[in-house]
Structure formats: C-alpha cells, structure tokens
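I have placed the structure first, in the form of structure tokens, so that the comments after it can refer back to it.
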Amino acid sequence: MTELLKMCGISKSFPGVQALSNVSLTLNAGEVHALCGENGAGKSTLMKILSGVYQADEGEIFINGEKVAIENTKKAQQLGISIIFQEFNLCPHLSVANNIWLDRQPKKGLFVDDKKLIEQTKAILDDLGLSISPKALVRTLSVAEQQMVEFAKAISFNSRILVLDEPTAALTESEIDRLFNIIHKLKAKGVGMIYISHRLEELARIADRVSVIRDGQYIGTYDYKDVTIDKLVSMMVGRELNNKFPSHKRKIGKVLFEARNIRSNKLNVDNIQVRSGEIVGIAGLMGAGRTELARAIFGADKTYHKEIFVDGKPVNINSTTSAIKNGIGYITEDRKKDGLALNMTVERNINMAYIPSLCKKGFVDENAAKENAAKYIDSLRIKTPSMYQKMQNLSGGNQQKTVLAKWLCNDIKVLIFDEPTRGIDVGAKYEIYELMNKLSDNGVAIIMISSDLPEILGMSDRILVMHNGKISGELNREDATQEKILRYAAGLSNEEGKGA
Amino acid sequence: MSGELVTSTKKAKVNIMKGKDEALQKFLAFGVLIMLCILFGVLTGGSFLKIDNLLTIALQVTPYAILGFGLTFVLITGGTDLSAGSVIGFGGIVCAKAVTMGVSIPVAIIIGILAGIIAGLINGLFVTKLEVTPFIATLGTQFAFRGLTQLVGQGKPVSIQALGDEKIISVFRFIGGGTVFGRIPFPTIIMIITAIVLGIVLSKTGFGRRLYAVGSNEETARLSGINVIKTKLTAYIICGATASMAGILLAARLASAQSNAGQGYELEGIAAAVIGGTSVMGGEGGILGTVIGAFVMGVLRNGLNLLKVDAFVQMVIIGTIIVIGVWYDTARRKKQSV
C-alpha cells in the first residue's frame with residue numbers, strides 16, 4: 004500500500020497548554036484511518052496543523068514520501084488535503100455548481116461559462132452517485148446533501164487526503180448509510196481518509212486502522228480488527244486522577260430542585276432531581292443537549308413542555324428573569340459570548356443580575372453597588388486593579404470568578420455551571436472547585452455540565468450522562484468510571500459483554 | 133480596621149481609573165469645541181464670540197441636541213432610528229393641528245409628545261418583537277411617519293398664525309423662541325432640563341444600567357435576567373418623545389408646523405451623539421457628550437456662515453468631521469480589543 008501521508012513527532016503548544024507532544028500519524032491510499040480521543044485530546048489541533056491553520060512547533064510532515072511545509076490553508080489545498088468540518092463552509096445562496104467551483108469557475112472571456120460549469124459539476128456528482136442538481140441552491144438542500152456537496156468540492160480539488168470531522172453528527176441512520184457508500188467509493192479510488200468520530204460503534208463499519216491520542220500524547224495505532232470498543236475507551240481515558248480536586252465532605256439535604264418532562268425539539272428529559280448541597284454532574288458528548296437542557300431550565304430557550312420545582316413548589320419559568328426570581332442561576336459555557344459584557348466594567352458585570360435589588364424607586368444605589376462589587380472582588384479574590392477596570396483586561400480565571408460573583412449576590416438556590424473551568428489555568432480551576440464546594444456547604448443545589456471527565460468524576464456526587472437529548476445513564480460517585488460515562492455518552496448500555 | 137484601610141485605598145485607585153477612557157473622549161470633543169470657538173473668534177475678529185451670537189447658536193442647536201439625546205439612548209442599545217426626523221414633523225404637526233382644533237395649549241403639547249411616543253413604540257415593536265434590523269425598520273417608518281405628517285397637514289403647513297388668536301400665537305412664539313432672564317432662549321432652557329433629566333436616567337437608574345448592558349452584550353444581558361425587549365422598547369419610546377419635543381419647538385418658533393419639518397435631522401442627531409463619544413456599535417455613550425457634539429456641529433455651521441463660506445463647502449466640511457469622529461471611535465475600540 005502506498006503511504007499518502009506521514010506526520011512525524013508533531014508538537015504544538017499554546018500559551019499555558021501543551022496541546023500536542025510528539026504525535027505521529029500515517030495514512031495509506033484507500034484507507035479509512037479513525038482518530039480517537041476525548042474532547043480536548045488534541046485531535047482538532049492535529050488536523051488544523053495538517054490543513055495549515057496552525058504551524059507545528061516541532062515535527063515533520065511527508066506527503067507521498069516528500070517532506071512538505073504547510074504554511075497556510077491554500078498550500079494544504081494544493082497538496083491535495085481537504086477537510087470536511089462539522090460546520091460546512093458553503094455559501095447558502097449560491098448553486099451547488101458555484102459552490103464546488105467557487106472562484107475557479109470555467110470562463111469564457113470575462114464571463115462564467117455556465118454550460119461547462121454545469122457539465123463538470125454533473126460529472127463529479129455522477130461519479131459519486133449523487134442525484135443532486137448542479138443548479139440547486141445550497142440552502143434548499145438537506146444537511147446530508149450539503150455534506151455531499153462538500154465531498155464533491157473536495158473531489159474537485161483532486162484531494163487525495165480527506166479529513167472528516169464528526170461527519171455523522173447531524174445525520175440520520177439512512178443518511179449515514181449513504182455517507183458510508185460514498186466513503187467506500189472514495190476508498191476504491193485510492194483516497195485516504197482520516198475519520199474523527201465520537202460514535203465508536205460506527206467505526207467498526209468503515210475504519211481500517213485507528214489511532215488514539217490522549218492529552219496531546221500519541222497512544223498508539225492499531226488495525227481496527229484487533230481492538231474492541233472497551234480497549235479503545237480505556238486507551239482514550241487511561242489517565243490517572245491526581246489531586247486536582249479539593250477534598251470535601253458533603254452535607255446533602257432534601258430535594259431542592261426538580262425538573263420533569265422537559266420536551267423541546269432537542270430535549271426529551273423525564274426527570275432530574277438535585278438535593279441541597281449536592282453537585283450533580285452532567286456528562287455527554289458535544290451536541291448531546293447538555294447546554295440546551297441548562298438553557299431550558301433557566302428559561303433562556305423555549306420548550307414545548309417543562310415542569311420545574313424549587314424547594315418542592317412548582318414554579319413557572321418563562322424567562323430568565325423569572326428563573327432568577329425563583330433562585331436559579333446559570334453560568335454559561337462561553338463567558339465571552341454570553342457570560343460577560345467585556346467592554347463594561349467589573350462592577351457593572353458583577354451587579355448585572357443584581358440591578359433590581361440595588362434599585363430604590365428605579366434609582367440605583369451607587370454606594371450599595373460599589374459595596375457589593377468590592378465584597379465579591381474581595382471574597383472571590385478577583386484580581387483587578389479596580390472595580391472600574393474593563394472586563395476584557397482580566398484573565399480567564401478572573402473573568403470566570405466575576406461571572407460567579409454575578410450569581411452569588413442573588414439569593415441563588417440552584418446554580419447551573421456549564422463548563423465551569425474551560426480555558427482557565429490549573430490554579431484558577433482549583434479555586435473554582437473550592438468555591439463550588441463552599442456553595443454546596445451553604446446548601447446550594449449545583450448542576451455541573453462538563454466535557455472534562457476527570458472534573459465530572461472529581462466533583463460530582465452523582466453523574467447524569469446525556470445522549471441525543473435524553474438522560475442515557477445515571478451513576479453514583481462510587482460506581483462512576485470514565486469508561487462507563489463514555490459508553491453511556493456514546494449511547495451504549497453498560498451491561499457486560501455488549502457493544503464490544 | 134485593616135479591611136477599612138483596604139477599601140479606602142481601593143477607592144482611591146478606583147477614582148483614578150474611573151472612566152478614564154470616556155473622560156478622554158469627552159475631553160477630546162470638548163477640546164475640539166473650545167478650539168473651534170477660539171478659531172472662529174479670531175477669524176471673525178471677535179464677532180463670533182459675542183454673547184448674542186453664542187445664544188443664537190444655542191437656540192439653533194437646541195432641536196438637534198434634544199433629538200440627539202433620544203438617539204443616544206437608541207444608539208446605546210446598538211440600534212438606530214432613521215425615522216426620528218419624520219417624527220419631528222409628525223409631533224409638530226399633530227400638536228399644531230390640535231391647537232387649530234381648539235385644544236388648549238398644554239394638552240396640545242401633550243398630544244404632540246404622545247404622537248412621538250407612539251411612533252417610538254411602533255419602531256421599538258418592529259425592532260424587538262418582529263426582529264427587523266433597526267436600520268431597515270426605521271428606514272421604513274421614516275417614510276410612513278412622513279406620509280402621516282403630510283396626511284395630517286393635507287400636504288400644507290398647519291398654521292397657528294392663521295388662527296388669528298394673538299394670545300395663542302404669542303405663547304407659541306415664546307415657547308419656540310422667547311427669552312428668559314433677558315436673553316436666554318426658552319427652548320435652550322428646555323434643552324438643558326431635558327439633558328439633565330435624561331442624563332440622570334442614563335447614569336443613575338436601573339434602566340440606564342440595563343440599557344448599557346443590553347448594548348454591550350445583548351445575550352449576556354438576557355441571561356442576567358434583564359428584559360431586553362422592554363429595555364429596547366423604552367429606548368425607542370424615549371427617542372420618539374424627544375423627536376416630537378424638538379418638532380413642537382420648531383413648529384412653535386414659526387407658529388406654524390411645516391409638513392417637511394425635521395427632514396434629515398436624524399442624521400444630525402446621530403452625528404452629534406457620535407461626535408460626543410456615543411458608539412454606533414452600542415454599549416457606550418452619554419448625554420453630556422451629545423450636548424458637546426451638537427454644539428460642535430452648531431458652532432461649525434455658525435462660524436462658517438459668519439466667514440461666508442459657501443453652503444456647499446460647509447456640507448463637505450461637516451461631513452468630513454462626522455467621518456473623522458466615527459473613524460476615531462472605531463480606531464479607539466480596535467485598540468482596546470487588542
């Protein structure tokens with residue numbers, strides 16, 4: 004078999020993080036090579052290096068045995084590397100033909116040669132066995148069809164190396180079958196494909212080999228027929244838990260929060276209970292509906308149906324305002340996007356959810372506002388030269404503490420953390436964990452959504468795992484392992500001897 | 133005790149840091165204003181700086197400034213109101229019509245302002261409930277409100293003068309151009325009072341805090357329990373109200389409401405706000421800045437007139453200044469976000 008691609012000893016670091024260290028990967032012609040690893044293991048960093056988005060700090064890349072430097076995405080394209088991302092890079096208002104040949108349309112003088120454009124598009128589509136019209140506008144196509152257009156586009160570049168990033172995430176079963184048909188066709192043509200997916204069960208259908216990376220480290224490459232899902236999962240998570248989490252004795256009380264029958268087009272959750280002083284972790288893969296669940300509980304998104312109980316009493320939550328009134332707070336996943344107003348001051352951010360309590364007859368008691376901000380800057384040790392510093396000048400950890408302060412000043416009974424420690428350094432993480440423990444001491448019911456499995460295991464008293472908008476499993480702290488969580492997250496059951 | 137000490141040092145630091153940036157912007161605009169005054173003072177051999185001329189400028193600036201205050205609220209939300217000029221015409225003509233129909237003056241003024249409030253409410257509903265882009269929504273209502281204005285006046289001015297009631301005419305003339313304390317124009321007094329009231333609303337109330345939060349990051353504001361729709365609606369209503377106030381003052385000065393009154397004023401108002409440091413991207417701005425911005429425009433126009441600069445050249449100069457103002461604002465933001 005000819006080796007199309009060889010990535011050797013690739014290392015890459017970002018400020019404060021070693022994203023990849025000494026990772027190697029080879030790809031043969033006509034092969035589907037699965038790349039496995041947890042969220043944040045370094046898969047996408049590796050693929051971004053391959054496509055010229057990032058430059059490796061160390062390591063070499065060979066294509067067809069020749070050493071290459073991939074300085075930018077254009078170069079990657081010239082080298083025959085195409086990536087099909089989860090989010091498509093198509094222009095929705097242009098036709099299929101114009102998308103595939105974007106900026107490369109055949110010309111007749113000054114004008115696009117439409118006839119030729121349609122002809123050569125049709126040739127590619129026929130070749131792939133697709134019945135999409137070249138003239139159809141991309142926005143009228145289904146998600147699966149749009150993905151096929153991406154494939155056709157990759158073919159039009161004569162790409163020999165194709166990276167598929169979670170290609171089945173948004174597809175139905177029958178669409179997945181069609182996708183796999185196309186993958187088989189491309190294999191027969193000698194195209195090599197790197198296939199990234201969290202759906203381990205589907206790899207058996209198409210993968211020839213599999214490589215595992217974990218925490219930026221290369222773990223190994225195996226023929227797929229030699230591994231089982233169990234072995235794969237243990238390789239993906241096999242890291243030891245060290246003392247990253249503050250030890251803590253919980254005083255768990257009565258049920259403080261309950262949600263029943265949450266239904267929306269992305270959610271189908273029957274029941275969640277959280278007791279006072281309890282931390283319930285919610286694990287699951289990206290797109291499993293965890294954030295959607297949090298937003299539904301918090302009244303940020305509309306649902307068809309939901310029943311929420313706080314302290315045993317049914318409450319009607321139809322807006323974020325009513326959620327806060329009923330003692331529910333939500334710390335969002337992306338503090339820069341929707342957790343903070345970055346060009347406002349620390350003081351304004353801390354007090355943002357506290358305005359009603361600061362107001363007397365509509366006027367803000369500025370002294371109370373100042374005191375409140377000073378109190379939390381002090382008690383949470385938010386490092387800022389002044390409370391009138393703009394939010395954007397603070398570090399990630401201090402920004403996150405400010406978001407926390409925003410909720411602490413309200414009389415919060417239930418607090419939802421969505422990825423509470425994403426993008427902050429280890430020290431600040433520890434502080435956030437300590438604050439969570441302190442809150443639980445004070446009897447707050449905490450729901451913690453996290454993609455970081457050690458964090459889920461280290462902090463939760465109970466773990467709920469989501470898959471496809473449903474709770475697919477529940478684990479107690481004592482029984483929980485990364486393997487069990489991952490199996491539930493992939494939609495597999497945790498009974499012995501299944502799914503291997 | 134040590135806690136107190138910490139707080140007091142904190143306070144000291146706080147005062148140094150407080151709004152350094154905004155202060156700079158205001159200082160800059162104010163500096164430009166003073167420089168223009170000195171420049172024109174010298175070039176006109178002092179006649180620019182005569183009290184009467186300065187008071188004339190204050191009178192001329194008044195409708196733009198009042199309108200600019202309302203626009204400042206809308207701009208802070210990250211929106212815009214292109215219909216504000218039409219609402220000037222609408223508010224003025226509704227008020228005048230009410231008077232000609234025999235309604236008492238205070239009631240007529242209230243009706244006129246109400247007309248502006250309703251116009252603002254309509255804009256706000258388009259923007260919030262129907263989620264039409266503010267630019268497009270208010271571009272549409274710009275036509276619609278102008279059309280309504282023409283309909284009320286049946287294409288003609290509504291003249292209070294024509295009533296022939298000297299008492300009513302004199303009251304209106306006073307509202308539109310009369311003086312108090314000997315020489316200070318009454319509309320300017322109204323403008324100052326409005327500035328103070330709205331300035332307090334913006335800087336001291338819960339609504340003001342919500343407004344900045346919404347303009348800074350709408351989703352964050354919503355997820356902090358702020359009623360974004362109500363906040364934005366209120367901003368558009370305030371804008372409608374200030375526009376109709378400006379319209380009533382304009383109509384009162386002539387004792388006649390022109391159906392084309394206020395045409396293009398929305399752009400002057402936006403320019404005043406922007407020159408004064410209000411950001412078209414939302415989240416930043418203030419009333420004092422808008423006052424200064426309006427005066428920069430007024431001083432330029434008046435000074436260039438005194439210097440007998442061609443009206444068309446004046447437009448070029450004023451236009452250039454607006455672009456420089458916005459460019460400065462954008463560059464400043466860019467620098468901050470790095």
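Protein sequence lines, in the order shown, are assigned to chains A and B.
Reading the first sequence from the start, the letters are residues 4 to 503 in this note's numbering.
Reading the second sequence from the start, the letters are residues 133 to 470 in this note's numbering.
A virtual CB, placed ideally from N, CA and C, is assigned to each residue, including glycine.
- Not a single CB atom of chain B sits nearer than 8 Å to the CB of residue 445(A).
- Inside the region 189–265 of chain A, DSSP marks whole beta strand (DSSP E) runs of 3 or more residues at positions 195–199, 212–217 and 220–226, from first to last along the chain.
- When the alpha-carbon of residue 192(B) is set against those of 464(B), 233(B), 382(B) and 265(B), the nearest one is in 382(B).
- For residue 227(B), the enclosing alpha helix (DSSP H) covers residues 216–232.
- Listed along chain A are 362, 365, 366 and 367, each with a C-beta nearer than 8 Å to that of residue 337(B).
- Only 333, 335, 340, 341, 342, 343, 344, 345, 346, 347 and 351 from the region 332–353 of chain A bring a Cβ to less than 8 Å from some Cβ of chain B.
- Residues of the same chain with a CB within less than 6 Å of the CB of residue 438(B), apart from the 5 flanking positions on each side, are 176 and 180 in chain order.
- Under the Cβ distance rule, residue 408(A) does not count among the residues neighbouring chain B, no pair being separated by less than 8 Å.
- The three-state secondary structure of residue 337(A), taken from DSSP, is coil.
- Shown here, residue 161(A) sits in coil according to DSSP, grouped into three states, outside any helix or strand.
- Per DSSP, the unbroken beta strand (DSSP E) holding residue 276(A) starts and ends at 271–278.
- According to DSSP, residue pairing for residue 467(A) in a beta bridge involves 285(A) and 477(A).
- Apart from the 5 residues on each side of it in sequence, residue 87(A) sits with its Cβ closer than 6 Å to the Cβ of 153 and 167 in its chain, given in chain order.
- Within the same chain, 327, 409, 410 and 413 come within 7 Å of residue 356(A) by CB-CB distance, once the 5 residues on both sides are set aside.
- Taking 8 Å as the cut-off, the beta carbon of residue 323(A) is found no closer than this to the beta carbon of residue 421(A).
- In the three-state reduction of the DSSP assignment, residue 482(A) falls in the coil class, being assigned neither a helical nor a strand state.
- Among the residues of chain A, those whose CB is under 8 Å from the CB of residue 355(B) are 301, 303, 323, 333, 335, 341 and 342, following chain order.
- In the DSSP assignment, residue 332(A) is bridged to 418(A).
- The C-beta distance from residue 199(B) to residue 367(B) rounds to 14 Å, too long to fall under 8 Å, and the pair is not in contact.
- For residue 427(B), no beta strand (DSSP E) encloses it; the enclosing alpha helix (DSSP H) starts and ends at 419–438.
- Using a Cβ-Cβ cut-off of 8 Å, residue 327(A) counts as an interface residue toward chain B, since at least one Cβ of chain B sits closer than that to its own.
- For the region 328–352 of chain B, the residues whose beta carbon sits under 8 Å from a beta carbon of chain A are, in order, 336, 337, 338, 339, 340, 341, 342, 344, 345, 348, 349, 351 and 352.
- In this structure, residue 356(B) lies away from residue 244(B), with their beta-carbon atoms at least 8 Å apart.
- The Cβ atoms of residue 127(A) and residue 159(A) lie closer than 8 Å to each other.
- When Cβ-Cβ separations below 8 Å define contact, residue 371(A) makes no contact with chain B.
- Cβ-Cβ separation between residue 172(B) and residue 409(B): approximately 23 Å, too far for a contact (criterion under 8 Å).
- Residue state for residue 21(A) is assigned as strand, using DSSP reduced to three classes.
- For residue 450(A), the enclosing beta strand (DSSP E) covers residues 448–452.
- Listed as beta-bridge partners of residue 311(B) by DSSP are 317(B).
- Residue 356(A) has a beta carbon lying within less than 8 Å of a beta carbon in chain B.
- Here residue 317(A) is exposed: its Cβ has fewer than 16 other Cβ atoms, across all protein chains shown, within 10 Å.
- Relative to the Cα of residue 171(A), the nearest Cα in the group 149(A), 424(A) and 200(A) belongs to 200(A).
- Counted as a single uninterrupted DSSP element, the stretch harbouring residue 186(B) is not any beta strand (DSSP E) but the alpha helix (DSSP H) occupying residues 183–208.
- With fewer than 16 other beta carbons inside 10 angstroms of its own, residue 481(A) counts as exposed.
- In the DSSP assignment, residue 317(A) falls outside any alpha helix (DSSP H) and within the unbroken beta strand (DSSP E) covering 316–318.
- Closest in C-alpha terms to residue 214(A), from the list 419(A), 46(A) and 496(A), comes 46(A).
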